[in-house]
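K.L.:
Before I ask anything, let me first share the structure, which is written out below as structure tokens.
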Amino acid sequence: MQFIKCTREALLKPLQVVGGIVEGRQTLAILSHILVEKTGQSVTFTTTDLEIQIRTKAEIGIGEESVKTTLPATKLITLLNAIPGATSEVSLDKSEKSVELRTTCGKYRLNQMTAEEYPSIPTSEMPTEVVLPAKTLRHLLQMVHFAMAQQDIRYYLNGLLFVVGEGFVRAVATDGHRLACCDAQSETAFAEPVEAIIPRKTVLQLLKLLPDSEEPVQICLGESQAKFSFSGIEFITKVIDGKYPDYNRVIPTGNDKIFLVNRETLIGALKRAAILANEKFKGLRWIITPGALHIQSTNSDMEEAVEDIAIEYDGEELDLGFNVTYLLDVLGNLKNTDVRFAFSSSQGATLLTMPESEQFRYVLMPMRI
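Under numbering that gives the first Met the number 0, the letters of the sequence shown match residues 0 to 368, in that order.
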């Protein structure tokens with residue numbers, strides 16, 4: 000029975016929305032499938048990894064009979080990507096044991112699994128609601144996501160702290176070596192800030208799906224779950240149960256040794272110096288003197304790089320070491336011409352900000368070279 004008939008692009012688009020969380024190796028075979036439910040012309044696509052659930056709809060169904068089945072996500076998406084022509088016609092026909100994809104190139108029979116056995120994440124109460132423009136939420140996530148930890152035993156660091164307060168929303172991420180914090184104004188009116196730790200996988204998937212537009216995103220937060228609704232997508236995720244570090248104590252307030260530097264100039268110098276840096280530790284030495292920033296690197300082969308950048312600085316000499324990856328991560332996400340560095344000493348935390356805005360702060364601990 001044919002239940003979907005449309006262009007290749009019309010079918011591929013919702014599949015790509017929900018297919019991003021499907022992983023190659025699954026503890027349950029059915030988690031590698033997409034749940035497809037058709038009622039009239041409306042077709043609902045759902046995926047889950049038991050931590051995240053994504054659902055979206057498309058008006059691509061044909062026929063009056065309701066259909067419910069599952070399809071192997073990766074195989075179906077790969078097949079559709081390999082078919083030439085975005086507007087070429089495709090269809091899906093369901094039989095008792097399989098589903099056949101018909102295209103202008105050929106026919107492809109795919110195994111299905113029992114749709115009634117497809118798992119669903121039960122939703123819990125999410126009393127905190129806030130609406131943000133999609134581009135604002137995307138900006139918050141983009142500005143801090145690179146500082147999240149990966150597979151840290153301190154599980155609460157493997158995610159991003161999302162804070163909703165009175166007139167602001169905030170995103171914070173840290174891996175223990177660096178911390179990124181970004182604020183945005185909002186019309187929220189919470190006397191006491193509400194916090195939720197959003198898992199790393201959720202953050203990265205949202206960055207792929209969120210449009211860079213003023214389209215509203217409804218955000219619902221609860222003790223165990225969060226929900227993001229936008230562009231016809233319902234994105235439900237578990238939140239990390241844990242106490243996030245007091246990030247306000249980490250952000251230095253008394254750093255008085257300050258200079259501005261052109262962002263692109265600094266990126267170029269860092270990339271060149273990194274070529275001869277120690278491959279394991281990626282450490283660069285910074286010697287800051289009145290009027291100049293000297294960047295040095297060496298490696299086990301006794302090779303050396305030296306870069307000199309003119310800066311406006313008349314304070315005392317500082318000698319520090321930094322992981323070049325941590326610097327390039329943040330500089331690559333900024334868009335402004337200049338960046339502002341503030342130091343207290345050669346051993347204290349460094350604060351990086353944008354000269355024209357206090358909404359973004361990046362804290363970096365020095366390393367021993």
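Don't be surprised by glycine CBs; every beta carbon is placed ideally from N, CA and C.
Could you tell me which uninterrupted beta strand (DSSP E) segments, each at least 3 residues in length, are contained entirely in the segment 69–131, listed from first to last along the chain?
P.N.:
Listed in chain order, they are 88–93, 97–101, 106–110.
K.L.:
With the cut-off set at 8 Å, would you say Gln303 and Gln295 are in Cβ contact?
P.N.:
In the sequence under discussion, the amino acid at residue 303 is Glu, which differs from the Gln named in the question. Yes, Cβ-Cβ distance for Glu303 and Gln295 is below 8 Å.
K.L.:
Evaluate Ser344 with the Cβ neighbour count: other Cβ atoms within 10 Å of its Cβ, from every protein chain shown; 16 or more gives buried, anything less gives exposed.
P.N.:
By the neighbour-count rule (16 or more Cβ atoms within 10 Å), Ser344 is not buried but exposed.
K.L.:
Let me confirm a value: Met147 is counted as buried when at least 16 other C-beta atoms fall within 10 Å, else exposed. Which label applies?
P.N.:
It is buried - the Cβ of Met147 has at least 16 other Cβ atoms within 10 Å.
K.L.:
So Asn247 is in the alpha helix (DSSP H); what residue range does that whole segment cover?
P.N.:
Taken as a continuous stretch (DSSP letters only), the alpha helix (DSSP H) holding Asn247 covers 246–249.
K.L.:
Is the beta carbon of Arg367 sitting closer than 8 Å to the one on Thr352?
P.N.:
Against a cut-off of 8 Å, the Cβ pair of Thr352 and Arg367 comes out as no contact.
K.L.:
Quick one: grab the DSSP three-state call for Tyr154.
P.N.:
Residue state, collapsed to three classes: helix.
K.L.:
Within the continuous beta strand (DSSP E) that includes Asp182, where are the two ends?
P.N.:
Run containing Asp182: 177–184, per the beta strand (DSSP E) assignment.
K.L.:
Assuming Gly18 contacts Thr46 under a Cβ cut-off of 8 Å, what Cβ separation, rounded to an integer in Å, is found between them?
P.N.:
Their Cβ separation, rounded to whole angstroms, is 6 Å, which keeps Gly18 and Thr46 in contact under 8 Å.
K.L.:
What did DSSP end up calling Ala348 once you bin it into helix, strand or coil?
P.N.:
Ala348: coil per DSSP, three-state reduction.
K.L.:
Taking all protein chains shown into account, do 16 or more other C-beta atoms lie within 10 angstroms of the C-beta of Lys93, making it buried, or fewer, making it exposed?
P.N.:
So Lys93 ends up on the buried side.
K.L.:
What does a CB cutoff of less than 7 Å around Asn332 pick up in its chain, not counting 5 residues either side in sequence?
P.N.:
Contacts found: Gln141, Met142, Phe145.
K.L.:
Apply the 10 Å Cβ neighbour rule to Leu206 and answer buried if 16 or more other Cβ atoms are within range, or exposed otherwise.
P.N.:
Leu206 should be labelled exposed.
K.L.:
For Pro13 versus Phe44, is the C-beta spacing smaller than 8 Å?
P.N.:
A contact, by the Cβ cut-off of 8 Å.
K.L.:
On the DSSP letters alone, give me the boundaries of the alpha helix (DSSP H) that Leu220 sits inside.
P.N.:
Looking at the DSSP string, Leu220 is not in any alpha helix (DSSP H); the run it does join, the beta strand (DSSP E), is 215–220.
K.L.:
Could you say if the segment 102–113 and the segment 124–137 meet the contact criterion of at least three C-beta pairs nearer than 8 Å?
P.N.:
No, because fewer than three Cβ pairs between the segment 102–113 and the segment 124–137 fall closer than 8 Å, the two stretches do not touch.
K.L.:
CA-CA distance, Phe227 and Pro251?
P.N.:
Cα to Cα, Phe227 sits roughly 33 Å from Pro251.
K.L.:
Counting only the same chain and skipping the five closest in sequence on each side, list residues whose C-beta sits under 8 Å from that of Tyr28.
P.N.:
According to the sequence displayed, residue 28 carries Ala and not Tyr. Cβ within range, chain order: Met112.
K.L.:
Would you mind stating whether Arg101 and Ser90 have Cβ atoms separated by less than 8 Å?
P.N.:
In contact: Arg101 and Ser90 (Cβ atoms closer than 8 Å).
K.L.:
Hey, how far is the Cα of Gln224 from the Cα of Lys279?
P.N.:
Near 38 Å, if we compare the C-alpha coordinates of Lys279 and Gln224.
K.L.:
In terms of alpha-carbon separation, which member of Ala276, Asp307, Lys281 lies closest to Ile287?
P.N.:
Considering only alpha carbons, the answer is Asp307.
K.L.:
Exposed or buried, what is Leu49 when buried is set at 16 or more other beta-carbons lying within 10 Å of its beta-carbon?
P.N.:
With fewer than 16 Cβ atoms within 10 Å of its Cβ, Leu49 is classed as exposed.
K.L.:
Opposite Ser296 in the DSSP bridges: which residues?
P.N.:
DSSP output for Ser296 lists Ala304 as bridge partner(s).
K.L.:
By the 10 Å Cβ neighbour count, where 16 or more other Cβ atoms means buried, how is Arg177 classified, buried or exposed?
P.N.:
Arg177 is buried by the Cβ-count criterion.
K.L.:
Rounded to a whole number of angstroms, what is the C-alpha to C-alpha distance between Ile65 and Phe2?
P.N.:
Note that residue 65 corresponds to Ser in the displayed sequence, not to Ile. Going by the C-alpha atoms only, they are around 8 Å apart.
K.L.:
Which residue wins for smallest C-alpha separation from Ala348, given the options Leu317, Thr336, Asp313?
P.N.:
Here the closest residue by C-alpha is Leu317.
K.L.:
Please state whether DSSP places Gln141 in a helix, a strand or coil.
P.N.:
Reduced to three states, the DSSP call for Gln141 is helix.
K.L.:
If you count every other CB in all the chains shown that lies within 10 Å of the CB of Ala309, and 16 or more means buried, which is it?
P.N.:
The residue in question, Ala309, is exposed, as its Cβ has fewer than 16 Cβ neighbours within 10 Å.
K.L.:
Just to confirm, are Glu128 and Ile218 a CB contact at a threshold of 8 Å?
P.N.:
For Glu128 and Ile218, yes; Cβs fall inside 8 Å.
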